[in-house]
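See structure below.
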Amino acid sequence: MQVNYAAGLVHYFNIVVVKMVEPLPNSTLEPAAWIFQQLGTPTEDARLKGTFLMSSIWPTITLISIYLTVCCIGPKFMETRKPWNLKYFIVVYNFCMVLVSLYMTIELLSVLWIYYISKGAEFIETFVFVLRKKNSQISFLHVYHHSTMFFLWWATVKHCGGGSAYFSTMMNSFVHVIMYTYYMLSALGDSVRPYLWWKKYLTRLQLIQFWIVTFHTSCMLYIDCGYPRGYAWLLFVYMFTQKALFLNFYRKTYKPRSSTSVELQGLKKD
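Counting with the working numbering, you get residues 5 to 274 for the letters of the sequence shown.
This is the structure in structure tokens:
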């Protein structure tokens, strides 16, 4: 029986949300703003006033809650139903993500907010897995990565969007150009599969990205560049969790190579 990792994340997420909405004595700040202030971040970036989804943390929390709920009940809902044929939707979705990632890589200085929005758009991948009954791809790594990235980048854009935040965004956007190109080609069918021999190198590229970003984040801990120190520590620890999960995935998938290949996290066609 497959372990429902999403249920555990929902429980943990609910605990975090409860803590964030508890009244704060002797403080005029909203709970979320108070938490980020303790990490040394500015209360708010004034440039984001009036920007979609950035006035409050609640839209982001609501979307993550919906995402985790679908991860929990979606597979059971689809259990007795036929899987959806979403081939053309998958191709279009991945093509759009390639364009968005390429745009963010080139025009990064003005699109940090778009990067945050793209993290929410990536929830679509999991919804597609649910509708196609690909429950094996709704792994802990998959759900953890998407739900936490959306939350952390709301915090980054809202409270410390600038300076050192741009480097990891640029790196990740570049990797996503290649990643979503692979997913799009994979969704086209068996005729394209012989040309997708480079799948494992994509995972290696993701791991290299995590090591580079971790090193960059560590520099913020020892060199006073004006970036909030507490938040830098949070990101530093978070990057280690990502590396550990992706490295575990890589080892299980490629070392040794089993007769049943574990699918790369993404939108693929059987």
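From the three backbone atoms N, C-alpha and C, an ideal C-beta is built for every residue, glycine too.
Identify, in the order they occur along the chain, each residue of the same chain with its Cβ nearer than 6 Å to the Cβ of ALA169, setting aside the five sequence neighbours on each side. In the sequence shown, the residue the question calls residue 169 occupies position 165. The answer, listed in chain order, is THR160.
Would you report the Cα separation of TYR92 and PHE99, rounded to the nearest angstrom? In the sequence shown, residue 92 corresponds to position 88, counting from 1. In the sequence shown, residue 99 corresponds to position 95, counting from 1. Taking the straight line from one Cα to the other gives about 11 Å.
What are the complete alpha helix (DSSP H) segments, minimum 4 residues, inside the segment 76-136? Correct list: 91-110, 116-125, 127-135.
Measuring CB to CB, does LYS162 end up less than 9 Å from ILE61? As a position in the sequence shown, residue 162 is number 158, starting the count at 1. As a position in the sequence shown, residue 61 is number 57, starting the count at 1. Yes, these two residues count as a Cβ contact at 9 Å.
Using the beta-carbon count (16 or more within 10 Å), is PRO198 buried or exposed? Against the sequence shown, residue 198 aligns to sequence position 194. Per the 10 Å Cβ criterion, exposed.
So what does DSSP say about LYS138, is it helix, strand or coil? As a first step, residue 138 is located in the sequence shown; it is residue number 134 there, counting from the start. The three-state reading of DSSP puts LYS138 in coil, since its state is none of H, G, I, E or B.
Which same chain residues end up closer than 8 Å to THR173 when comparing Cβ atoms and leaving out the 5 residues on each side of it in sequence? Working through the sequence shown from its first residue, we reach residue 173 at position 169. The answer, listed in chain order, is MET108, LEU112, LEU116, TYR119.
For SER222, which residues of its own chain have a beta-carbon under 7 Å away from its beta-carbon, when the five flanking residues on both sides are left out? In the sequence shown, counting from the first residue as 1, residue 222 sits at position 218. Counting only residues of its own chain and dropping the five nearest sequence neighbours on each side, SER222 has a CB closer than 7 Å to the CB of PHE240.
Given that a residue counts as buried once 16 or more other Cβ atoms are within 10 Å of its Cβ, and exposed if not, what is ILE110? In the sequence shown, residue 110 corresponds to position 106, counting from 1. By the neighbour-count definition (other C-beta atoms within 10 Å, threshold 16), ILE110 is an exposed residue.
Touching or not, the segment 121-141 and the segment 210-225, by the rule of three or more beta carbon pairs under 8 Å? Under the Cβ criterion (8 Å, minimum of three pairs), the segment 121-141 does not count as touching the segment 210-225.
Could you tell me the distance, in whole angstroms, from the CA atom of GLY78 to the CA atom of LEU135? Numbered from 1 along the sequence shown, position 74 holds the residue referred to as residue 78. Numbered from 1 along the sequence shown, position 131 holds the residue referred to as residue 135. Cα to Cα, the separation comes out at about 8 Å.
Would you check if the distance between the CB atom of ILE142 and the CB atom of PHE133 is smaller than 9 Å? Along the sequence shown, read from residue 1 onward, the residue named residue 142 stands at position 138. Along the sequence shown, read from residue 1 onward, the residue named residue 133 stands at position 129. Yes.
Quick one: any contact between the segment 56-73 and the segment 149-157, if contact means 3 or more CB pairs under 8 Å? Contact holds: three or more Cβ-Cβ distances are below 8 Å.
In the DSSP assignment, find the alpha helix (DSSP H) that holds TRP202 and state where it starts and stops. Your numbering for residue 202 matches position 198 in the sequence shown. Here TRP202 belongs to no alpha helix (DSSP H), and DSSP marks it neither H nor E.
Which same chain residues end up closer than 7 Å to GLY124 when comparing Cβ atoms and leaving out the 5 residues on each side of it in sequence? By 1-based counting over the sequence shown, the position of residue 124 is 120. Once the five neighbours on either side are set aside, the close Cβ partners of GLY124 are LEU67, PHE154.
Contacting residues, own chain, Cβ-Cβ under 6 Å from PRO27 (five flanking each side not counted): The residue given as residue 27 occupies position 23 in the sequence shown. With a pLDDT of only 44 at PRO27, under 50, the local geometry of the prediction cannot be trusted, and no value is derived from it.
Can you round the beta-carbon distance between SER105 and VAL181 to whole angstroms, since I take them to be within the 8 Å contact cut? Numbered from its first residue, the sequence shown carries residue 105 at position 101. Numbered from its first residue, the sequence shown carries residue 181 at position 177. 5 Å between Cβ atoms; contact.
Contiguous alpha helix (DSSP H) assignments of at least 4 residues, all confined to the segment 155-219: Segments of the alpha helix (DSSP H) lying fully in the segment 155-219: 169-191.
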